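Sequential numbering from 1 applies to the sequence shown in full-length UniProt numbering. C-beta atoms are modelled at their ideal positions from N, C-alpha and C, and glycine is treated no differently. All values reported here derive from a predicted model rather than from experimental measurement. Below you'll find the structure, written out as C-alpha cells, and then a few comments.
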Amino acid sequence: MLCCVFFLSIRRVRPVTVAADSKAAAGLPQHWDWRNVNGVNFVSPVRNQAQCGSCYSFATMGMLEARVRIQTNNTQQPVFSPQQVVSCSQYSQGCDGGFPYLIGKYIQDFGIVEEDCFPYTGSDSPCNLPAKCTKYYASDYHYVGGFYGGCSESAMMLELVKNGPMGVALEVYPDFMNYKEGIYHHTGLRDANNPFELTNHAVLLVGYGQCHKTGEKYWIVKNSWGSGWGENGFFRIRRGTDECAIESIAVAATPIPKL
Ligand SMILES: *[C@@H]1O[C@H](CO)[C@@H](O)[C@H](O)[C@H]1NC(C)=O
C-alpha cells in the first residue's frame with residue numbers, strides 16, 4: 001500500500017475562473033459514473049501497484065485506458081504499461097514516485113506501449129523496451145481548470161463528463177488505509193490561511209454523486225491497490241470540500257487511439 005507522489009499543490013488563486021466553471025457545472029447530471037453510462041462500462045480493470053511507488057503511473061495509464069474506450073465506444077480496449085514509465089521515464093523517479101502531469105508529457109514525447117509488451121514487475125528494472133511494439137501517444141496534457149492552481153470541484157466535473165476520467169492526487173492519512181466502504185473523509189484540521197496543500201498519492205477520478213439520505217456529495221475514485229481493497233478497488237470521498245486536497249491538482253491527457 002505505497003503512496004508515491006510528494007509535492008505541494010495550490011488551489012483557488014483565481015476565483016473568477018472557478019465562478020465560470022461553477023455556472024457551467026450547474027447544468028451537468030446529478031450523478032455520473034464512467035463504469036455505468038446507460039449500462040456501459042468505460043473503465044479498465046483495477047490493478048495493483050504492489051510494493052512500488054508507481055501510483056502516478058497507474059493513475060495515468062488508467063486515464064488513457066478509459067479515454068481510449070470512450071473515444072472509440074469500447075471498440076479499442078488497450079491496457080497500457082505502467083512499467084514503461086517506471087523503468088524508462090526521465091520525468092519521474094521510478095518506484096520512488098512521480099507526478100502525473102509530467103507523465104502526460106512523457107506520453108506525448110515518447111509514447112506508451114501496451115502491458116503485454118512490457119509487463120509490470122513493480123521494481124526499478126532496466127528500460128528494456130522492445131522496439132517492435134506499437135506506441136500510443138497523447139495529443140495534449142494539461143492541468144484541469146487550465147493552469148496550476150486553477151483546479152476546482154466544478155472544473156473537475158466538467159472535464160470528467162466531457163472528456164473522461166482524470167488523474168487526481170490526495171494526501172493519504174493512516175485512517176485511509178482502513179477504508180472499507182462508504183464516503184471517506186478525514187477529520188484532521190488544516191490551516192485555512194495556507195494555500196499550499198500536501199499530496200502523496202495519485203488515483204483516477206471516474207465519477208461523482210450525492211447520497212440521497214444525507215445529501216453528502218462524493219467523488220468515485222479508482223485506486224491501484226487491487227480489486228480486494230475498498231469498494232471493489234474503488235473508493236468514494238467527500239466532494240466539494242477539497243477533502244485531503246483531492247480538488248487541488250487534477251490533471252488530464254488526451255490519448256490518440258489507433259487508426
Ligand atoms: C456504441 O456501442 C454500443 C454497443 O456497445 C452501441 O449500442 C452504440 O450504438 C454505439 N454507439 C455509437 C455512436 O456507435
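Asked, Found
"Nearest residue (CA-CA) to Pro130, options Pro119, Asp124 and Asp140", "Pro119"
"Host alpha helix (DSSP H) of Ser57 (start-end)", "Cys55 to Gln71"
"Other residues of its chain near Leu102: CB distance less than 7 angstroms, five sequence neighbours each side excluded", "Tyr91 and Ser92"
"Nearest-angstrom Cα separation, counted from Phe99 out to Met61", "13 angstroms"
"Sequence-ordered residues whose beta carbon comes within less than 7 angstroms of a heavy atom of ligand 1", "Val40, Asn73 and Asn74"
"Contacts around Tyr179, its chain only, beta-carbon distance under 7 angstroms, and the 5 residues preceding and following it disregarded", "Gly230 and Phe235"
"DSSP state of Tyr148 mapped onto helix, strand, coil", "coil"
"Simplified DSSP assignment, three categories, for Ile220", "strand"
"Through-space distance from Glu181 to Met1, alpha-carbon basis", "In this predicted model, Met1 has a pLDDT of only 42, less than 50, meaning its place in the structure is not dependable enough to derive any value."
"CB of Ala202 within 9 angstroms of CB of Tyr106, strictly", "no"
"For Leu28: DSSP bridge partner residues", "Bridge partners of Leu28: none, in fact."
"Where the alpha helix (DSSP H) containing Ile103 begins and where it ends", "Pro100 to Phe110"
"Limits of the unbroken alpha helix (DSSP H) element including Glu115", "Per DSSP, Glu115 belongs to no alpha helix (DSSP H) and is neither H nor E."
"Selected residue, minimal CA-CA separation from Ser125, among Ser87, Met63, Lys217 and Gln77", "Ser87"
"Beta-carbon proximity of Val251 to Val79, cut-off 9 angstroms", "no"
"Residue from Gly215, Gly233, Leu259 and His186 with nearest C-alpha to Asp242", "His186"
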